[in-house]
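Have a look at the structure below, then the notes.
2 protein chains.
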Amino acid sequence: MEGDRIEEATLANSPVDEISHLALDIGGSLIKMVYFSTEKDKPQKDGRFLNGGLYFLKFETSKINECLDFISSKQLRCRGIQHCGFPASDKNIIKATGGGAFKFADLFKEKLDISLDKVEEMSSLVSGANFLLKAVPSEAFTYVNGQRNYVKIDHNDLYPYLLVNIGSGVSMIKVDGDGKYERVSGTSVGGGTFWGLGKLLTKCKSFDDLLEMSHQGNNRVIDMLVGDIYGGMDYLKIGLSSTAIASSFGKAISENKELEEYKPEDVARSLLRMISNNIGQIAYLNALRFGLKKIFFGGFFIRGHAYTMDTISVAVDFWSKGEAKAMFLRHEGFLGAVGAFMNYKLVEEFPNSNSLVGDLTDNGIIECRVHVSS
Amino acid sequence: MEGDRIEEATLANSPVDEISHLALDIGGSLIKMVYFSTEKDKPQKDGRFLNGGLYFLKFETSKINECLDFISSKQLRCRGIQHCGFPASDKNIIKATGGGAFKFADLFKEKLDISLDKVEEMSSLVSGANFLLKAVPSEAFTYVNGQRNYVKIDHNDLYPYLLVNIGSGVSMIKVDGDGKYERVSGTSVGGGTFWGLGKLLTKCKSFDDLLEMSHQGNNRVIDMLVGDIYGGMDYLKIGLSSTAIASSFGKAISENKELEEYKPEDVARSLLRMISNNIGQIAYLNALRFGLKKIFFGGFFIRGHAYTMDTISVAVDFWSKGEAKAMFLRHEGFLGAVGAFMNYKLVEEFPNSNSLVGDLTDNGIIECRVHVSS
Chain A
15 MEGDRIEEAT
25 LANSPVDEIS
35 HLALDIGGSL
45 IKMVYFSTEK
55 DKPQKDGRFL
65 NGGLYFLKFE
75 TSKINECLDF
85 ISSKQLRCRG
95 IQHCGFPASD
105 KNIIKATGGG
115 AFKFADLFKE
125 KLDISLDKVE
135 EMSSLVSGAN
145 FLLKAVPSEA
155 FTYVNGQRNY
165 VKIDHNDLYP
175 YLLVNIGSGV
185 SMIKVDGDGK
195 YERVSGTSVG
205 GGTFWGLGKL
215 LTKCKSFDDL
225 LEMSHQGNNR
235 VIDMLVGDIY
245 GGMDYLKIGL
255 SSTAIASSFG
265 KAISENKELE
275 EYKPEDVARS
285 LLRMISNNIG
295 QIAYLNALRF
305 GLKKIFFGGF
315 FIRGHAYTMD
325 TISVAVDFWS
335 KGEAKAMFLR
345 HEGFLGAVGA
355 FMNYKLVEEF
365 PNSNSLVGDL
375 TDNGIIECRV
385 HVSS
Chain B
15 MEGDRIEEAT
25 LANSPVDEIS
35 HLALDIGGSL
45 IKMVYFSTEK
55 DKPQKDGRFL
65 NGGLYFLKFE
75 TSKINECLDF
85 ISSKQLRCRG
95 IQHCGFPASD
105 KNIIKATGGG
115 AFKFADLFKE
125 KLDISLDKVE
135 EMSSLVSGAN
145 FLLKAVPSEA
155 FTYVNGQRNY
165 VKIDHNDLYP
175 YLLVNIGSGV
185 SMIKVDGDGK
195 YERVSGTSVG
205 GGTFWGLGKL
215 LTKCKSFDDL
225 LEMSHQGNNR
235 VIDMLVGDIY
245 GGMDYLKIGL
255 SSTAIASSFG
265 KAISENKELE
275 EYKPEDVARS
285 LLRMISNNIG
295 QIAYLNALRF
305 GLKKIFFGGF
315 FIRGHAYTMD
325 TISVAVDFWS
335 KGEAKAMFLR
345 HEGFLGAVGA
355 FMNYKLVEEF
365 PNSNSLVGDL
375 TDNGIIECRV
385 HVSS
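These protein sequence lines are chains A and B, in that order. Taken in order, the first sequence gives residues 15 to 388; the numbers are from this note's numbering. Taken in order, the second sequence gives residues 15 to 388; the numbers are from this note's numbering.
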């Protein structure tokens, strides 16, 4: 899958010796990490700036020790920060957001002597999204008929928009400007539902395998379609085609089949379609409520997965009769982590946000220069 | 369960010899039947009126032969109708709604020589709901803290309202008056999802057993709660308590448990809560969109089940901050069938709709007098 490259490439390529400034978003299922690192083959210092890149990494929250080991092994705490010349007072503090910043604060203190400086979750998502949308030229795209179309963001016409972050659960946030936002809705039917329910139904061991399986499946095997009820006909009166889903998983009622008799691919497909469609619908209803035409979808659920984006796009298009547009973000899973990172206030030191970014390289590293105080 | 009595009592008590005027609502999962029958111990004819009752019955759509056998064995086609003195031209025609009125039209013709006179599905739901709300004094009720509170319907202040019919799928209809309505939304996550997915997950064989199981379960075993993410704390900033569900089925991600290691009761509970809450939320968002304060929930999914009604009520109350009210209908599952029955145009013959109903007896029979033409 396309989206995979972002964190997988960085695992191998990351010049980890030079890490400084790391931020975490510790969610219910995943820990998302963003860090700044200088590059070995480029001059590291350039006047008051350091050349480097923002790198992206993820861990499972249930395997938090892998995250602690990573931070510890790379000696972020001492060598990295000292090398980069940041104030020594920062060295035992990491910006962190998500519920895990509360839940695991003691663990970080105990194991690494690091204090987590908590950044509010919604605030992180919003500042992460705002930063990425403004600073990264090809961050946002629509997904129509299997095609990514990158959207040029007009900095003067970005707000208001609806930010839909699909993590374990889903948050929907109306964003009116930098630091101006309100969480207006959400749903518990999110990525955790897909992964949790999908694991129970298919015995699949990983989220990405489950997504991949859904790609091979056919939802018509288990979903009850309009045509199944209407004898193959459309229900024209209310504009539902015979292939529209009348009832997700509804066909399982009348068929005397056990779970094991269904192909796990088909189960995964129905589940993905149910959840994506539901999120698209609730997002649209909230956009409508506040007159928002732009809906940006982020969060680790999406994973650049074509069918997920397609279902969400079609749902928004169907319910809004083409009025609202679903857009996706290249760094979808890292909005909160980027937002927490922004809290280091390095951004304010830059002449303007455009100069932050040289290029978005293939593996998702954002090249940038950060201001140093010494 | 309370709701069960409606159709179960009639199976035993129905004075089936005297059946006339029968209507069907043939859905994706269930066939709902409403028929008028005179009563043996009362004078059957009273001037231009017949004393009798409206009776309610259901069959599974996958066992449609049971429905055909019932109609055939009770000789509805000849004795009943002739006995009641309705015009002979009616005798081979039955009013029917739902997708099955299309799908099974040939089957009825072939097996019983009966033609199904199709009544549009949304139109039936609306006329059924309007009739019941106006004609049956204790039809609608709220459900708060385990308590049914019957609502007195002001005939002059009934419209507009949102009708949410939860069958296999869910339809949401804005009702502005008799015959004045629009299907404004819906969701494929409905009763068919609860039953279908529930069957796959728990191997439970009947819808009512699944509901009963959910009553015994605890959703916190599998749902990821806000407190699970925030280390037991509330997420106060956005008003979510530690016990709010952050991600339905989300806890299944991190626990290395197979489906069989969970109690089916807990699985059924999480599923019921997920679906009820989702329907409540989407209903509220649609009510908000059109400024509707009254939301009536019908359809066979509810089954008078306390936890379902409680979850829907709490969802509507939570999302609307107390502004909108969820109400339920005593004959919830039979709106479409009653609506199709109304299409016999008997109602127009009554002096006023109140005189239609003597009482709503314990088993849900609506006592009434119908006008006869001879």
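Glycine included, C-beta positions come from ideal geometry on N, C-alpha and C. Predicted, not measured: the structure shown is a model, and the values here were computed from it.
Range covered by the beta strand (DSSP E) that runs through residue i
| i | result |
| --- | --- |
| Leu-254/B | No beta strand (DSSP E) contains Leu-254/B, which DSSP labels as neither H nor E. |
| Ile-167/A | Here Ile-167/A belongs to no beta strand (DSSP E), and DSSP marks it neither H nor E. |
| Met-247/A | Note, Met-247/A: premise wrong, no beta strand (DSSP E); not H, not E. |
| Leu-176/B | 175-180 |
| Ile-309/B | 308-312 |
| Asp-280/B | Element bounds for Asp-280/B: not the beta strand (DSSP E) but the alpha helix (DSSP H), 278-303. |
| Ala-340/A | 339-343 |
| Asp-120/A | Note, Asp-120/A: premise wrong, no beta strand (DSSP E); alpha helix (DSSP H) at 119-126. |
| Leu-130/A | 129-132 |
Minimum C-alpha distance to residue i - residue among the options
| i | options | result |
| --- | --- | --- |
| Gly-305/A | Asn-65/A, Lys-271/A and Glu-337/A | Glu-337/A |
| Tyr-173/A | Gly-181/A, Gly-160/A, Ser-152/A and Glu-196/A | Glu-196/A |
| Lys-125/A | Asn-291/A, Ile-78/A and Gly-312/A | Ile-78/A |
| Gln-295/B | Ala-119/B, Phe-221/B, Lys-308/B and Ser-327/B | Ser-327/B |
| Asn-233/A | Phe-221/A, Val-281/A and Glu-272/A | Val-281/A |
| Lys-72/A | Gly-66/A, Thr-52/A, Leu-38/A and Ser-51/A | Leu-38/A |
| Val-184/A | Lys-123/A, Glu-274/A, Gly-312/A and Thr-111/A | Gly-312/A |
| Val-48/B | Gly-253/B, Lys-109/B and Gln-161/B | Lys-109/B |
| Ala-119/B | Arg-317/B, Gly-200/B and Leu-82/B | Leu-82/B |
| Thr-159/A | Gly-347/A, Thr-325/A and Met-186/A | Here residue 159/A turns out to be Asn, not Thr, going by the sequence shown. The candidate whose alpha carbon is nearest that of Asn-159/A is Thr-325/A. |
| Ile-85/B | Ile-107/B, Ser-76/B and Asn-65/B | Ile-107/B |
| Phe-6/A | Thr-156/A, Asn-292/A and Leu-349/A | The question about residue 6/A has no answer, for chain A in this structure spans 15 to 388. |
| Asn-163/A | Ser-182/A, Leu-343/A, Ser-220/A and Lys-265/A | Leu-343/A |
| Phe-70/B | Ser-202/B, Ile-309/B, Glu-346/B and Asp-168/B | Glu-346/B |
| Ile-180/B | Met-227/B, Phe-310/B, Lys-132/B and Gly-353/B | Phe-310/B |
| Met-288/B | Ile-236/B, Pro-151/B and Glu-153/B | Ile-236/B |
| Leu-302/A | Pro-278/A, Leu-176/A, Leu-211/A and Asn-357/A | Leu-176/A |
| Val-133/A | Ile-380/A, Ala-340/A, Ala-354/A and Tyr-358/A | Ala-354/A |
| Ile-243/B | Ser-76/A, Thr-52/A and Ser-255/A | Ser-76/A |
Residues that residue i contacts on chain B, provided the C-beta gap is smaller than 7 Å
| i | result |
| --- | --- |
| Lys-213/A | Ala-266 and Ile-267 |
| Thr-322/A | In chain order: nothing, as chain B lies at least about 16 Å away. |
Proximal residues of chain A, C-beta to C-beta of residue i below 8 Å
| i | result |
| --- | --- |
| Phe-263/B | Gly-206, Thr-207, Gly-210, Leu-211 and Leu-214 |
| Thr-201/B | Asn-292 and Gln-295 |
The alpha helix (DSSP H) enclosing residue i, as first and last residue numbers
| i | result |
| --- | --- |
| Val-352/A | 349-356 |
| Asn-106/A | From DSSP, Asn-106/A is part of no alpha helix (DSSP H); its letter is neither H nor E. |
| Ala-154/B | No alpha helix (DSSP H) holds Ala-154/B; the beta strand (DSSP E) holding it covers 154-158. |
| Leu-146/B | 135-149 |
| Ser-199/A | Element bounds for Ser-199/A: not the alpha helix (DSSP H) but the beta strand (DSSP E), 194-201. |
| Val-49/B | Note on residue identity: the sequence assigns Tyr, not Val, to residue 49/B. That residue, Tyr-49/B, is in no alpha helix (DSSP H); its beta strand (DSSP E) goes 44-52. |
| Asp-190/B | That residue, Asp-190/B, is in no alpha helix (DSSP H); its beta strand (DSSP E) goes 184-191. |
| Leu-82/A | 78-87 |
| Ser-327/B | 320-333 |
| Ser-268/A | 265-268 |
Under 7 Å by beta carbon: chain A residues contacting residue i
| i | result |
| --- | --- |
| Gly-42/B | Met-238, Asp-242, Ile-243, Ala-260, Ser-261 and Gly-264 |
| Met-247/B | Phe-116 |
| Ile-252/B | Met-136 and Arg-197 |
Contacts of residue i in chain B (Cβ-Cβ under 9 Å)
| i | result |
| --- | --- |
| Leu-302/A | Leu-299 and Arg-303 |
Where residue i meets chain A, residues with beta-carbon distance less than 9 Å
| i | result |
| --- | --- |
| Gly-113/B | Val-240, Gly-241, Asp-242, Ile-243, Tyr-244, Gly-245, Met-247, Tyr-249 and Ala-260 |
Amino acids of chain B, ordered along the chain, whose beta-carbon sits closer than 8 Å to that of residue i
| i | result |
| --- | --- |
| Thr-75/A | Ser-268 |
Cβ of residue i within 8 Å of any chain C Cβ
| i | result |
| --- | --- |
| Ile-45/A | The question asks about chain C, but that chain is absent: this structure's protein chains are A and B. |
Determine which residues of the segment 268-292 of chain A have a Cβ less than 8 Å from any Cβ of chain B, and write them out in chain order. Ser-268, Glu-272, Leu-273, Tyr-276, Val-281, Met-288, Asn-291 and Asn-292
Check: Along the segment 179-199 of chain A, what residues have a CB closer than 7 Å to any CB found in chain B?
Finding: Ser-182, Gly-183 and Arg-197
At a Cβ cut of 7 Å, what residues of the segment 118-135 of chain A count as close to chain B, listed as they run along the chain? Glu-134
inquiry  = Restricting to runs no shorter than 4 residues, where is the alpha helix (DSSP H) found entirely within the segment 212-238 of chain B?
reply    = 221-230
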